[in-house]
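Beneath this line is the structure, given in structure tokens, with notes to follow.
2 protein chains.
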Amino acid sequence: MSNEDVERYRTHEPENLHERYAHRAAHMKPSEIRSLFAVASRPEIVSLAGGMPNLTAIPMETMASIVEKLIKDHGQEALQYGSGQGHPKLREQICDVMALEGIRANPDDILVTTGSQQALDLISRIFIDPGDVVLVEAPSYVGALGTFSQYEASVVHVEMDKDGLVPEALRQAIKTLRYQGRKIKFLYLIPNYQNPAGVLLPADRRTEILDICRREKIFIVEDNPYGLLGFDRPSPNAMRAEDSENVIYLGSFSKTIVPGFRIGWALVPQALREKLVIASESSILCPSNFAQMSISSYLADQPWRDQISSFVELYKARRDVMLETLDAYFPKAATWTRPQGGFYVWVTLPPEIDTKAMMPKAIVAKVAYVPGTAFYADGFGSWSMRLSYCYPTPERIREGVKALAGVVEEEIQRRNTLRLN
Amino acid sequence: MSNEDVERYRTHEPENLHERYAHRAAHMKPSEIRSLFAVASRPEIVSLAGGMPNLTAIPMETMASIVEKLIKDHGQEALQYGSGQGHPKLREQICDVMALEGIRANPDDILVTTGSQQALDLISRIFIDPGDVVLVEAPSYVGALGTFSQYEASVVHVEMDKDGLVPEALRQAIKTLRYQGRKIKFLYLIPNYQNPAGVLLPADRRTEILDICRREKIFIVEDNPYGLLGFDRPSPNAMRAEDSENVIYLGSFSKTIVPGFRIGWALVPQALREKLVIASESSILCPSNFAQMSISSYLADQPWRDQISSFVELYKARRDVMLETLDAYFPKAATWTRPQGGFYVWVTLPPEIDTKAMMPKAIVAKVAYVPGTAFYADGFGSWSMRLSYCYPTPERIREGVKALAGVVEEEIQRRNTLRLN
Numbered sequence: 103m104s105n106e107d108v109e110r111y112r113t114h115e116p117e118n119l120h121e122r123y124a125h126r127a128a129h130m131k132p133s134e135i136r137s138l139f140a141v142a143s144r145p146e147i148v149s150l151a152g153g154m155p156n157l158t159a160i161p162m163e164t165m166a167s168i169v170e171k172l173i174k175d176h177g178q179e180a181l182q183y184g185s186g187q188g189h190p191k192l193r194e195q196i197c198d199v200m201a202l203e204g205i206r207a208n209p210d211d212i213l214v215t216t217g218s219q220q221a222l223d224l225i226s227r228i229f230i231d232p233g234d235v236v237l238v239e240a241p242s243y244v245g246a247l248g249t250f251s252q253y254e255a256s257v258v259h260v261e262m263d264k265d266g267l268v269p270e271a272l273r274q275a276i277k278t279l280r281y282q283g284r285k286i287k288f289l290y291l292i293p294n295y296q297n298p299a300g301v302l303l304p305a306d307r308r309t310e311i312l313d314i315c316r317r318e319k320i321f322i323v324e325d326n327p328y329g330l331l332g333f334d335r336p337s338p339n340a341m342r343a344e345d346s347e348n349v350i351y352l353g354s355f356s357k358t359i360v361p362g363f364r365i366g367w368a369l370v371p372q373a374l375r376e377k378l379v380i381a382s383e384s385s386i387l388c389p390s391n392f393a394q395m396s397i398s399s400y401l402a403d404q405p406w407r408d409q410i411s412s413f414v415e416l417y418k419a420r421r422d423v424m425l426e427t428l429d430a431y432f433p434k435a436a437t438w439t440r441p442q443g444g445f446y447v448w449v450t451l452p453p454e455i456d457t458k459a460m461m462p463k464a465i466v467a468k469v470a471y472v473p474g475t476a477f478y479a480d481g482f483g484s485w486s487m488r489l490s491y492c493y494p495t496p497e498r499i500r501e502g503v504k505a506l507a508g509v510v511e512e513e514i515q516r517r518n519t520l521r522l523n
Numbered sequence: 103m104s105n106e107d108v109e110r111y112r113t114h115e116p117e118n119l120h121e122r123y124a125h126r127a128a129h130m131k132p133s134e135i136r137s138l139f140a141v142a143s144r145p146e147i148v149s150l151a152g153g154m155p156n157l158t159a160i161p162m163e164t165m166a167s168i169v170e171k172l173i174k175d176h177g178q179e180a181l182q183y184g185s186g187q188g189h190p191k192l193r194e195q196i197c198d199v200m201a202l203e204g205i206r207a208n209p210d211d212i213l214v215t216t217g218s219q220q221a222l223d224l225i226s227r228i229f230i231d232p233g234d235v236v237l238v239e240a241p242s243y244v245g246a247l248g249t250f251s252q253y254e255a256s257v258v259h260v261e262m263d264k265d266g267l268v269p270e271a272l273r274q275a276i277k278t279l280r281y282q283g284r285k286i287k288f289l290y291l292i293p294n295y296q297n298p299a300g301v302l303l304p305a306d307r308r309t310e311i312l313d314i315c316r317r318e319k320i321f322i323v324e325d326n327p328y329g330l331l332g333f334d335r336p337s338p339n340a341m342r343a344e345d346s347e348n349v350i351y352l353g354s355f356s357k358t359i360v361p362g363f364r365i366g367w368a369l370v371p372q373a374l375r376e377k378l379v380i381a382s383e384s385s386i387l388c389p390s391n392f393a394q395m396s397i398s399s400y401l402a403d404q405p406w407r408d409q410i411s412s413f414v415e416l417y418k419a420r421r422d423v424m425l426e427t428l429d430a431y432f433p434k435a436a437t438w439t440r441p442q443g444g445f446y447v448w449v450t451l452p453p454e455i456d457t458k459a460m461m462p463k464a465i466v467a468k469v470a471y472v473p474g475t476a477f478y479a480d481g482f483g484s485w486s487m488r489l490s491y492c493y494p495t496p497e498r499i500r501e502g503v504k505a506l507a508g509v510v511e512e513e514i515q516r517r518n519t520l521r522l523n
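Here the protein sequences come in this chain order: A and B. The working numbering puts the first residue of the first sequence at 103, with every later residue one more than the last. The working numbering puts the first residue of the second sequence at 103, with every later residue one more than the last.
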């Protein structure tokens with residue numbers, strides 16, 4: 103919020119409005135990403151900030167005729183209210199999609215949601231009392247952190263390395279928290295091409311983490327929007343494939359088809375299903391039949407696996423350009439992850455650099471990124487940043503990373519000069 | 103939930119699952135309507151239970167070409183993520199729609215939601231701490247009651263008569279609750295053709311209720327899905343037209359266009375807007391660009407006011423048939439409302455009749471309704487029921503009401519016989 107916004111806000115605030123809010127409203131604050139997007143979306147800026155999928159590969163003519171035909175042939179159903187749990191046919195097709203990552207599921211255990219964000223919201227609603235602990239990777243997805251915080255969770259980050267969450271760090275965190283008498287509700291993680299770190303959790307760590315959580319009676323919330331976007335080989339099986347009782351699995355069509363329909367899903371242990379459906383009905387009544395049936399037609403009649411392959415080629419080429427340019431131009435003092443899929447590279451600078459304070463200089467150099475603190479609930483991450491290669495053209499990525507390299511180089515030198523003086 | 107379901111639920115429940123739930127999860131229970139719909143949707147049953155709009159009047163060819171053209175011309179935008187607050191052009195058009203009911207609004211103060219149910223959810227999230235009081239009409243919309251209950255509100259019903267909420271009853275309720283030290287967060291009401299009672303709140307009562315709430319510093323949440331569906335004359339101006347500071351207004355395209363896009367909105371006092379947008383982003387990230395732009399194209403290029411007139415004709419004819427049949431066949435001991443718009447008639451039977459217990463007999467007679475208790479948070483309403491005339495054909499309505507008259511007649515006689523013995 104700019105100062106001007108704050109001013110305007112205050113001027114018009116009805117008397118004592120904040121006194122009427124619920125306690126949780128204090129946690130409804132704009133995310134760091136949010137204020138950034140207005141700036142980053144200006145056309146002269148190369149945005150390495152956003153996580154928007156690249157839709158240039160989508161066959162628009164085909165999509166247009168799918169939705170046209172859907173309304174002509176099934177308008178009375180597609181434009182009507184639908185089931186709170188989601189369209190039965192789509193839930194069956196979702197099982198086929200998940201089978202690609204080793205999951206065997208019953209369509210009855212799936213809830214279709216308005217993007218997987220809604221699933222995160224509903225799971226938080228069912229499980230989180232104020233003060234309950236949610237374990238997350240360090241760093242973690244900004245949208246999940248925002249939701250957990252609105253439900254007044256105490257978010258605890260667990261160490262990652264280049265192979266994702268570190269099982270021993272998880273054990274230690276649980277032990278410490280239990281010793282403190284804290285109530286741990288679930289572990290939230292993104293095993294494939296993590297947002298924001300871009301790393302992949304190998305199969306053996308998956309098994310180890312599943313064992314730890316099962317033994318400690320902590321649910322795992324496995325968020326998997328990028329799982330089918332592996333560049334050189336398929337991702338390891340989903341964690342849900344190994345454990346159907348202790349894993350809540352979240353999927354999404356936003357990165358494999360398009361985000362504009364806002365269709366995601368949760369696959370949950372059977373015992374949880376009814377509560378989840380009721381929570382969703384209370385939240386949105388029902389997901390859009392029209393959006394669900396559009397996705398369903400697309401899956402039924404189009405070569406959707408080939409389409410995912412096109413996405414993979416497109417993102418892989420962009421990842422290559424980003425890594426090449428980082429290797430060629432970024433200062434030696436910086437390190438970064440080397441993603442094997444997905445959208446993101448995570449860059450770590452020397453600890454004296456504050457990436458949030460550096461942002462205005464980057465904007466002047468016509469490049470934007472997301473400062474690392476956005477991905478921590480605890481203020482950590484100030485010398486890191488997330489770079490996305492999903493959306494811009496390869497040329498723009500090269501241009502943006504080169505510009506950013508200059509900004510970082512200058513900032514490091516400025517810090518060195520300050521220290522020497 | 104059937105006994106069999108309960109059994110299945112228990113068998114598969116992971117150890118102590120309920121102990122891991124948040125406190126609020128205890129309030130996530132299936133609504134009375136929910137279990138009913140499976141039965142009521144069987145083709146041989148005349149369902150006077152549902153509130154589904156009648157889409158026979160919708161020009162499907164036109165809708166099909168709107169969505170086709172939208173993707174062909176603007177696919178890159180329509181299928182991408184959008185603004186958390188909602189599409190700017192649609193928010194402007196929503197202002198034009200609301201102007202029909204006397205509202206002057208700034209598009210900046212509108213949040214587009216996944217149906218107005220989501221707006222209810224977000225407002226509850228911002229305002230309701232456990233135990234806070236929410237005032238509602240007696241009876242009130244079942245979907246709102248469910249949401250308030252999930253946020254652990256204490257719902258207090260305020261008396262209605264054939265002209266809607268009784269201002270003096272509101273004054274008394276506030277006085278009593280304040281005397282008890284209770285915290286009242288807002289008054290939720292549906293001034294036009296109320297769901298479930300079908301009554302209309304006249305202009306003078308609107309002004310009086312606005313005065314009371316302003317003086318007592320209680321927000322009004324004005325839910326207005328049916329306002330443009332007045333049968334003989336336009337509805338009085340919206341309450342929001344008179345008070346832009348103390349009214350949160352909820353609108354929906356579900357009954358004036360189609361529900362399948364799941365597009366509603368909230369118009370809020372400026373000071374509330376940012377919190378609402380943040381809460382929505384945390385809940386669903388953003389509403390569907392595709393659905394919003396479809397509605398936007400329809401509003402821009404189609405004679406949508408004529409379309410609403412067709413809806414009005416269609417519903418009015420059905421209302422007439424329902425009232426005629428009630429007048430002709432229902433026992434004298436019953437009374438009912440005479441709606442001037444919207445979808446519903448509220449029937450009151452002698453107090454010894456239990457409409458929930460009577461349901462199986464109605465199903466045998468091939469007719470379904472919603473028992474009155476569904477619309478009360480406090481178990482009241484057992485001798486009333488909601489009849490919808492929106493969806494079935496006039497012939498089916500006649501048939502259903504006649505069948506129901508027989509069931510009610512028999513039930514009254516059975517009760518009389520029991521009493522005489």
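We put the CB at the ideal spot given by N, CA and C, even for glycine. The structure presented is a predicted model; accordingly, all values stated were derived computationally and were not measured.
Item checked: Helix, strand or coil at V379 of chain B according to DSSP, with G and I counted as helix -> helix
Checklist line | Proximal residues of chain B, C-beta to C-beta of D223 of chain A below 7 Å | finding: S384 and S385
Item checked: Beta-carbon neighbours of T249 of chain A, restricted to chain B and to distances below 8 Å -> S384 and S385
Margin query: Using a 10 Å radius around the Cβ and a threshold of 16 neighbouring Cβ atoms, would you call P453 of chain B buried or exposed?
Written below: exposed
Next item on the list: For I462 of chain A, name the three-state secondary structure that DSSP assigns.
Entry: According to the sequence provided, residue 462 of chain A is Pro. The question's Ile does not apply to it. Residue state, collapsed to three classes: helix.
Next item on the list: Flag this pair as yes or no: are the beta carbons of R420 of chain A and I359 of chain A separated by less than 8 Å?
Entry: no
Item checked: Assigned exposure category for K287 of chain A - 16 Cβ within 10 Å defines buried -> buried
Notebook entry, point to check: CB L224 of chain B to CB S385 of chain B, shorter than 8 Å?
Noted result: yes
Note to self: My output table needs one value for E454 of chain A: the three-state DSSP class, helix, strand or coil.
What the structure shows: coil
Check: Looking only at C-alpha atoms, which of A:G362, A:V301, A:I322 and A:R364 sits nearest to S337 of chain A?
Finding: A:V301
Margin query: Along the region 284–315 of chain B, where does the CB come closer than 8 Å to a CB of chain A? Name the residues.
Written below: K287
Checklist line | Min CB distance E170 of chain A to chain B below 8 Å | finding: yes
Check: If you drop the 5 nearest sequence neighbours on each side, which residues of the same chain put their C-beta closer than 8 Å to that of K377 of chain A?
Finding: I228
Checklist line | Through-space distance from A476 of chain B to D107 of chain B, alpha-carbon basis | finding: Per-residue confidence for D107 of chain B stands at a pLDDT of 42, beneath the threshold of 50, marking its modelled position as unreliable; no derived number is given.
Notebook entry, point to check: So, G474 of chain B versus P132 of chain B, is the Cβ gap smaller than 8 Å?
Noted result: no
Item checked: Contact residues within the region 171–194 of chain B, judged by C-beta distance below 7 Å to chain A -> I173, K174, G177, Q178, A180, L181, Q182 and Y183
Margin query: Taking only three categories from DSSP, how would you classify T519 of chain A?
Written below: helix
Margin query: How far does the beta strand (DSSP E) with R488 of chain B in it extend, from its first residue to its last?
Written below: S486 to S490
Next item on the list: Flag this pair as yes or no: are the beta carbons of L237 of chain A and A275 of chain A separated by less than 8 Å?
Entry: yes
Notebook entry, point to check: List, in order along the chain, the chain B residues whose C-beta lies closer than 8 Å to that of K131 of chain A?
Noted result: I380
Margin query: Tell me the rounded alpha-carbon separation between L530 of chain B and V214 of chain A.
Written below: Any property of residue 530 of chain B remains undetermined from this structure, which presents chain B solely from 103 to 523.
Checklist line | Coarse secondary structure for K287 of chain A, derived from DSSP in three states | finding: strand
Check: How about G362 of chain B and F363 of chain A: are their beta carbons less than 8 Å apart?
Finding: no
Next item on the list: Please classify R307 of chain B: is it buried, with 16 or more other beta-carbons within 10 angstroms of its beta-carbon, or exposed?
Entry: buried
Item checked: Test: G245 of chain B CB closer than 8 Å to a CB of chain A -> yes
Checklist line | Neighbourhood of H114 of chain B by C-beta, 8 Å cutoff - its chain only, sequence neighbours within 5 removed | finding: Annotation note: pLDDT 44 at H114 of chain B (below 50); position unreliable, coordinate value reported separately. Taken in chain order, the list of residues that qualify is empty.
Check: Do you know how far the Cα of D429 of chain A is from the Cα of Q182 of chain A?
Finding: 53 Å
Check: Can you name, in chain order, every residue of its own chain whose Cβ lies under 8 Å from the Cβ of L312 of chain A, other than the five neighbours on each side?
Finding: I322, M341, E344, D345, N348 and V349
Margin query: Among the candidates A:I397, A:P209 and A:L387, whose CA atom is the shortest distance from the CA of A368 of chain A?
Written below: A:P209
Item checked: Assigned exposure category for P155 of chain A - 16 Cβ within 10 Å defines buried -> buried
Next item on the list: Give a yes or no on whether the C-beta atoms belonging to S137 of chain B and S143 of chain B are separated by under 8 Å.
Entry: no
Next item on the list: With DSSP as the reference, label S256 of chain B as helix, strand or coil.
Entry: strand
Notebook entry, point to check: Taking Cβ positions only, does K357 of chain A come closer than 8 Å to chain B?
Noted result: no
Item checked: The beta strand (DSSP E) enclosing E203 of chain A, as first and last residue numbers -> No beta strand (DSSP E) holds E203 of chain A; DSSP gives it neither H nor E.
Next item on the list: For I230 of chain A, I'd like the list of residues in its chain whose CB is within less than 8 Å of its CB, leaving aside the five on either flank, ordered along the chain.
Entry: V236, F250, Y253, E254, A255 and K287
Checklist line | Separation of L291 of chain B from R122 of chain A, as counted between CA atoms | finding: 19 Å
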